[in-house]
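Engineer: Residue 118 in numbering that gives the first Met the number 0 sits at position 119 of the sequence shown; the count goes up by one each step and never skips.
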Amino acid sequence: MSGARVAVVGAGLMGRWHASAAARTGAQIAAVVDVRLDAASALAARHGEASTYSDLESALSATPIDVVHVCTPTEEHAALVGIALERGCHALVEKPLAESLAETEALLAQAQESGLAVNPVHQFPFQPGFRQVLERRARLGELVHVSYRTCSAGGEGRPPEERRRVLLEILPHPVSLLHHLFRLSFDLAEVEVVRFTEDDLDLVGTLGDTRLDVSISLRGRPTRNELEVVGERASALVDLFHGYAVVEGGRVSRSAKALRPFALGGLL
């Protein structure tokens, strides 16, 4: 939103990314909010005339704001988004939007009543590799199997309950990708959690004749983030860390098998 006045709540890694991205669109970083005022000041110093505050209420009382970027721990999201909407501000929120379905529905209803936008951040559906798969969706034919796999170092050094939280905070990524791939029909998917430990979260399901599976691991190495889409006529592998996709046709022959390593080597 070019020219918008932005308040960034949370001056950690995500807050820095949000502030940088907003500034590149032409927005003005008008306020940085963090209970750690030294962190808020460090981020504000990167963006000219941004003021710093220890709480969102104070920021919104002191300066006009159009959009609030919420980049705090998940348990704080609902309250902060509620404050932003009450003050007439749009909200862009790190995923997940809230901790529960009830909180999410309440925030969406509040936004609709206020005529304001509230959006969680789901960046992967807009990566070039995934967009390429959507554009070539018809080429794949009927989908047989869709698999999301990630191995993350995000839980290193954290206690068990925090590691579980990391797993749940990653889960919206495959949900958003599957939603974009299947659109409204994804609401009909039948999904079951088959494992949820401090290190691993695994789900399996079906959507019509398509099998779905999601594997999120804090133990697996190397770190990776991939979506594999297998169709009756072709398949695609999307590397979500690096933003590209490899789409392979389904031609079956001895020569195709023999040449496959060379074809993939050329693509890499």
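Note that the Cβ used here is the ideal one computed from N, Cα and C, for glycine as well. Given the structure is predicted, the values throughout are model-derived calculations rather than measurements.
1. For T222, is the classification buried or exposed, using 16 other Cβ atoms within 10 angstroms of its Cβ as the cut-off for buried?
2. With burial defined as no fewer than 16 other Cβ atoms inside 10 Å of the residue's Cβ, what is the status of D186: buried or exposed?
3. For a test of the three-state rule: what should DSSP assign to I169, helix, strand or coil?
4. Between the alpha carbons of P63 and R4, how many angstroms are there, rounded?
5. So what's V34 in DSSP terms, helix, strand or just coil?
6. Looking only at C-alpha atoms, which of P158, D54 and D201 sits nearest to E191?
7. Would you mind working out which of G81, L183, S184 and I169 sits nearest S216, comparing C-alpha positions?
8. Can we say the stretch 116–130 touches the stretch 235–242, given the rule of at least three CB pairs closer than 8 Å?
9. Within a Cβ cutoff of 7 Å, which residues of the same chain sit near G204, ignoring the five residues on either side of it in sequence?
10. So, using beta-carbon positions, are E98 and R148 closer together than 8 Å?
11. Alpha carbons only, please: which of R136, R86, Q122 and G140 is nearest the one belonging to A285?
12. Counting Cβ pairs, one atom from each stretch, are 3 or more of them under 8 Å apart for the stretch 150–164 and the stretch 94–112?
13. Using only the alpha-carbon positions, how far apart do F195 and I82 sit?
14. Measure how close the beta-carbons of A30 and A44 come, nearest whole angstrom, since I'm counting them as under 8 Å.
15. Rounding to the nearest angstrom, what Cα-Cα distance links A78 and V193 in this structure?
16. May I have the straight-line CA-CA distance separating L84 from H68, to the nearest angstrom?
17. Along the chain, where does the alpha helix (DSSP H) that runs through E141 open and close?
18. Within the stretch 182–221, note down every full beta strand (DSSP E) run reaching 3 residues or more, in order along the chain.
19. Compute the Euclidean distance between the alpha carbons of T145 and V228, then round it to the nearest angstrom.
Structural biologist: So, from the data block:
1. Taking the sequence shown and counting its residues from 1, the one referred to as residue 222 is at position 223. So T222 ends up on the exposed side.
2. Taking the first residue of the sequence shown as position 1, residue 186 is located at position 187. The residue is exposed, with fewer than 16 neighbouring Cβ atoms inside 10 Å.
3. For the purposes of this step, residue 169 is taken as the residue at position 170 of the sequence shown. Helix, per DSSP.
4. On the sequence shown, residue 63 is found 64 positions in, with the first residue counted as 1. On the sequence shown, residue 4 is found 5 positions in, with the first residue counted as 1. Those two C-alpha atoms are separated by around 7 Å.
5. In the sequence shown, the residue the question calls residue 34 occupies position 35. V34: coil per DSSP, three-state reduction.
6. The sequence position of residue 191 within the sequence shown is 192, counting from 1. Here the closest residue by C-alpha is D201.
7. Locating residue 216 in the sequence shown gives position 217, counting from the first residue. Taking only the C-alpha atoms, the option nearest S216 is I169.
8. yes
9. Reading the sequence shown from its first residue, position 205 is the one you call residue 204. These residues qualify, in order along the chain: A188, E189, V190, E191 and L211.
10. Your numbering for residue 98 matches position 99 in the sequence shown. Your numbering for residue 148 matches position 149 in the sequence shown. Taking 8 Å as the Cβ cut-off, E98 and R148 do not qualify as a contacting pair.
11. Past the boundaries of the shown model lies residue 285; the chain is included only from 0 to 267, so the question cannot be answered.
12. no
13. Walking along the sequence shown from the start, residue 195 turns up at place 196. Walking along the sequence shown from the start, residue 82 turns up at place 83. Their backbone Cα atoms lie some 33 Å apart in a straight line.
14. Taking the sequence shown and counting its residues from 1, one reaches residue 30 at position 31. Taking the sequence shown and counting its residues from 1, one reaches residue 44 at position 45. Not quite, the Cβ-Cβ distance comes to about 13 Å (not below 8 Å), so this is no contact.
15. The count along the sequence shown starts at 1 and reaches residue 78 at position 79. The count along the sequence shown starts at 1 and reaches residue 193 at position 194. C-alpha separation (whole angstroms): 32 Å.
16. Looking up residue 84 in the sequence shown gives position 85. Looking up residue 68 in the sequence shown gives position 69. Distance between the alpha carbons of L84 and H68 is about 12 Å.
17. Here residue 141 refers to the residue found at position 142 when the sequence shown is read from its first residue. No alpha helix (DSSP H) contains E141, which DSSP labels as neither H nor E.
18. 189–195, 199–206 and 209–216
19. Working through the sequence shown from its first residue, we reach residue 145 at position 146. Working through the sequence shown from its first residue, we reach residue 228 at position 229. According to the sequence shown, residue 145 is Val rather than Thr. Cα to Cα, V145 sits roughly 5 Å from V228.
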